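Q: Below: one structure in structure tokens.
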Amino acid sequence: MNQNPARHLLELGFHRIWLRVDRPLVDRLESGFKVWLDQQPHMEGISITEENLHARLLVEYLGFWVQEKLEQMDSQRAGFTKFSQRHAHAATQREKQAHILGYAERLGATPRQLAADRKAIERWFGYDAMAERYERRYREAERELVVVLGRLGVIAGHYLETFAAPEQSIVSWRQLQLEKIVRPLLAYEGDSWVRIAAFESLAASLVSLPHEVQERAATDTTLRFIYRSALERRQEIWIQCAALGLLQTLSTESLISALQHRLESPGKGDDLFVRRRAMRLLGEQLADSPELGSLLLRVKNDPNPAVRQLIVTSINHADSLTVERLLQALIQHDQEPTVRAATLLGLRGLVDREDLYEIILDQLRTSLASEQHRFVLRVGLKILVDIHQDLFESEQRHLACRWHTVLLPVLAYLHRQAGNLAIRRWAAEAKERMWVLQTPSARSLSAALSEQIAAIPPRQAARLKRTLLKQADRDLLGRTLSCLAQKEFDLELESDIFGNRLRRGNRLGFRTWRLWHEWWRPSTDKRQGFPHTTGRIYRGAVHAPSAVMAELAETRVPGEPLHIAEEGGVVPTCPWWMR
């Protein structure tokens, strides 16, 4: 346990990036909690551990902090309104300046700042600058309110999770009085993120209760707000999403009704975010509510592609007939390439079901044979290899062999006759990776070399064990290294009297031909800040070039691998006399 329980709880679940941003606020909360704690009487009530004691007291303090902050913000708003009225009714310029300086002092300006304001008031400092200063302070207060509400929900949820007995958790929930703190903020008239943070704080704490008591613990007013927000399109988008998530544990019947309402009657604009949230909830609920399977068949006609892309992630618990109909509609007939690609990418999560293996195999083969879009084909080739590798890793060799047998002719066709050169290159790479998996000696060699490569820093080399390459001939070694280099640096095998060394990345050094080339071909469009006499040095007998490391500069650098978008790969560029 952390030596400072309050600090540990305040940072609980806080992303490290946001913690760096909000560290001054967390520091103020920690010091303020210590002062507040010294003023509290001895706590009496149910028996709780020391950690829970800090959590409960911290929740009470954060609730007190929220109320105090709201009062300060109301006072600031009233003060600015009074200042604006006095400034508007001032008769002379000197009187207006006096009101401005007085309000600056009331906002908390230091003597040094007031001196600077008096100096600037004759030139540019006026009502607009004062209004901007108030607005900035007020928005900063709202931002702090959002952060503290988030901490309030996390700490309250952590506290409530420690009570296993349902009745005890209800008592603890009511003692915290979170609804009393949060409910007024659900109608906050300022920044909408305050309303969103208030509802998410309430949701995070309520979902920590046991499922069977959540509906009994919340008041009728809170429940009505949750149910209405799940269906009301005029509510804030993120409140609608959070309300839908709450229905999953509050009431299954209400969740099913809300999902049908939101997915069958799509709205415009940002409603797509709610429908995407509904799609995820549908996938999670489908195992317990099979009647939702018919809703999936209607969602495939959703007008927004971003919603249709999630269908494949929601059908894992649907029956095989529904899955087949959906995959056929999404992979073969959907007009949006991103939907077809997302569906192909999601096939990897379905292959674990034995009843879907033949369906997935047939749909992928049909897609690769008929698809014309370059991006969709690239995704299909990637998922083909990924599933093949998954089948080997899960020891389903017979399914992996059938996968290879059925799809290899399609790969061969794309390799030889695809209209796009990049597709032919990707198909060839996929064939090689499948060959490695299907060949036992190549598979074991690839696994051993992968471990070695992962431990080699870029542009460094490591010596290999003599037994590792003892049974590998030159062709087997070259093809295996070529497959490993598809997503890696260049790989080079160097041999000497002491054995073999595997180099990851290129060795760079002085090259005489580069000096000769640069001397006789001066140009103003050459790259600046790089030595033009440096080039790659190859000393190994086997070299596997990388398929992803390439030169992207507009100027062609001799001897460097140049990326060619039309080919989807790289080629070495050299002067004609070096070829």
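Those letters in the sequence shown? Residues 74 to 652, per my numbering, in order.
In this text, a Cβ means the ideal position worked out from N, Cα and C, and glycines have one as well.
Because the structure is a prediction, the values reported are computed rather than measured.
Is D293 helix, strand or coil when you go by DSSP?
A: helix
Q: Go through its chain and collect everything with a Cβ distance to V227's Cβ below 7 Å, but skip five positions before and after it.
A: Excluding residues within five positions, the ones whose Cβ falls inside 7 Å are L85, G86 and A277.
Q: Quick check on the DSSP output: the beta strand (DSSP E) that includes R421 runs from which residue to which?
A: Per DSSP, R421 belongs to no beta strand (DSSP E) and is neither H nor E.
Q: Give the range of the beta strand (DSSP E) segment to which T439 is assigned.
A: Per DSSP, T439 belongs to no beta strand (DSSP E); it is in the alpha helix (DSSP H), Y430 to S443.
Q: List the whole-angstrom C-beta distance separating R350 from L370, where the pair is believed to meet the contact cut-off of C-beta under 8 Å.
A: So it is not a contact: roughly 20 Å between Cβ atoms.
Q: To the nearest angstrom, how far is the alpha carbon of I433 from that of L450?
A: 16 Å
Q: Please state the DSSP three-state secondary structure of A271.
A: Reduced to three states, the DSSP call for A271 is helix.
Q: Given this structure, state the Cα-to-Cα distance separating V372 from L336, to the nearest angstrom.
A: C-alpha of V372 to C-alpha of L336: approximately 7 Å in a straight line.
Q: Buried or exposed: G422, going by 16 or more other Cβ atoms within 10 Å of its Cβ?
A: exposed
Q: Kindly indicate the opening and closing residues of the alpha helix (DSSP H) around Q533.
A: Unbroken run through Q533 is the beta strand (DSSP E), Q533 to L537; no alpha helix (DSSP H).
Q: Give a yes or no on whether the C-beta atoms belonging to R733 and A515 are separated by under 8 Å.
A: The structure shown does not extend to residue 733, since the chain spans only 74 to 652, so no value can be given for it.
Q: Here's the rule I'm using: 16 or more other beta-carbon atoms within 10 Å means buried, otherwise exposed. How should W476 be labelled?
A: buried
Q: Given 8 Å as the limit, is there contact between the stretch 534-542 and the stretch 568-580, that is, 3 or more CB pairs closer than that?
A: yes
Q: For F583, which residues does DSSP report across the bridge?
A: T607
Q: How far does the beta strand (DSSP E) with A617 in it reach, from first residue to last?
A: V615 to A617
Q: Apply the 10 Å Cβ neighbour rule to L625 and answer buried if 16 or more other Cβ atoms are within range, or exposed otherwise.
A: exposed
Q: Under three-state DSSP, which class holds S568?
A: strand
Q: Cβ of H636 within 8 Å of Cβ of A620?
A: no
Q: Does L575 come out as helix, strand or coil in the three-state DSSP assignment?
A: strand
Q: Comparing C-alpha positions only, which one of R96, Q559 and W593 sits nearest to H616?
A: Ranked by how close their Cα comes to the Cα of H616, the residues R96, Q559 and W593 have Q559 in first place.
Q: Per the DSSP calculation, I637 is bridged to which residue(s)?
A: BP columns for I637 point to G642.
Q: By DSSP's criteria, E624 is part of a beta bridge. Which residues make up the other side?
A: L635
Q: Classify K543 as buried or exposed, calling it buried when 16 or more other Cβ atoms lie within 10 Å of its own Cβ.
A: exposed
Q: When the Cα atoms are used, what is the spatial distance from E273 to E195?
A: So the two alpha carbons sit approximately 48 Å from each other.
Q: Inspect the CB distances between the stretch 159-174 and the stretch 257-272 and report whether three or more fall short of 8 Å.
A: Touching, no.
Q: Does DSSP put R307 in a helix, a strand or coil?
A: coil
Q: Indicate whether A331 and L345 have their beta-carbon atoms separated by less than 8 Å.
A: No, Cβ-Cβ distance for A331 and L345 is not below 8 Å.
Q: Only counting runs of 4 or more residues, tell me where the alpha helix (DSSP H) segments fall wholly within the stretch 174-207, in order along the chain.
A: 184-193
Q: Spatial neighbours of I310 within its chain, please: CB distance less than 7 Å, with the 5 preceding and 5 following residues excluded, ordered by chain position.
A: D343, F346 and V347
Q: Starting from F106 and walking both ways along the alpha helix (DSSP H), at which residues does that stretch end?
A: R96 to D111
Q: Suppose only complete runs of 4+ residues qualify. What are the alpha helix (DSSP H) ranges in the stretch 221-251, listed by chain order?
A: Counting only runs of at least 4 residues, the stretch 221-251 fully encloses the following alpha helix (DSSP H) elements, listed from N- to C-terminal order: 239-249.
Q: Go to A473, then tell me how far its alpha helix (DSSP H) extends in each direction, as first and last residue.
A: R470 to Q490
Q: Along the chain, where does the alpha helix (DSSP H) that runs through D392 open and close?
A: Taken as a continuous stretch (DSSP letters only), D392 belongs to no alpha helix (DSSP H), as it is neither H nor E.
Q: Check each candidate in R381, I388, E168 and P339 and name the one with the smallest Cα separation from G356.
A: I388
Q: If you check the beta carbons only, do M352 and I312 fall under 8 Å apart?
A: no
Q: With DSSP as the reference, label H88 as helix, strand or coil.
A: coil
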